[in-house]
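First the structure, in the form of structure tokens, and then the observations on it.
Numbering (the numbering used here), first residue to last: 34 to 145.
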């Protein structure tokens, strides 16, 4: 990342803040803050997802979908795009397959 920050913001997250012309819609420092929040959230959800998996034994996909639904609540503190990114990152951290509804649409620019 630029501006002297040592935080590496992956392209998949930066893409959430790019317009069709690839220009950022927010300052890079703000994007880095949002990334830190979303990455921390994904990391914190790992244990919760594992507990859900071992306690109620639903499918991995069902757990990820449930978490995704919760993150879309108005008071969740993340945008819809950020919620999708968090759950995709969570799936990556858990080494679970991302649910089909969360997979990037090939027609989208800058998929996660």
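Just so it is clear, CB atoms sit at the ideal spot from N, CA and C, and this is done for glycine as well.
Neighbour-count burial assignment, residue i, 16 or more Cβ in a 10 Å radius
i           : result
residue 138 : With a pLDDT of only 49 at residue 138, under the threshold of 50, the placement of this residue in the model should not be trusted, and no figure is reported.
residue 84  : exposed
residue 113 : exposed
residue 46  : buried
residue 75  : buried
residue 35  : Residue confidence for residue 35 is low, a pLDDT of 49 falling below 50, so the modelled location carries little weight; the figure read from the coordinates is stated next. With fewer than 16 Cβ atoms within 10 Å of its Cβ, residue 35 is classed as exposed.
When the options are compared against residue i, the one with the closest alpha-carbon
i           : options         : result
residue 66  : 40, 121, 99     : 40
residue 116 : 101, 64, 44, 80 : 101
residue 43  : 54, 52, 64      : 64
Whether residue i touches residue j by CB criterion (8 Å)
i           : j           : result
residue 98  : residue 132 : yes
residue 118 : residue 71  : yes
residue 49  : residue 79  : no
Rounded distance between the beta-carbons of residue j and residue i, thought under 8 Å
i           : j           : result
residue 109 : residue 103 : 7 Å
Check your understanding: Just checking, does the segment 110–129 make contact with the segment 53–65 on the three C-beta pairs under 8 Å criterion?
Key -> no
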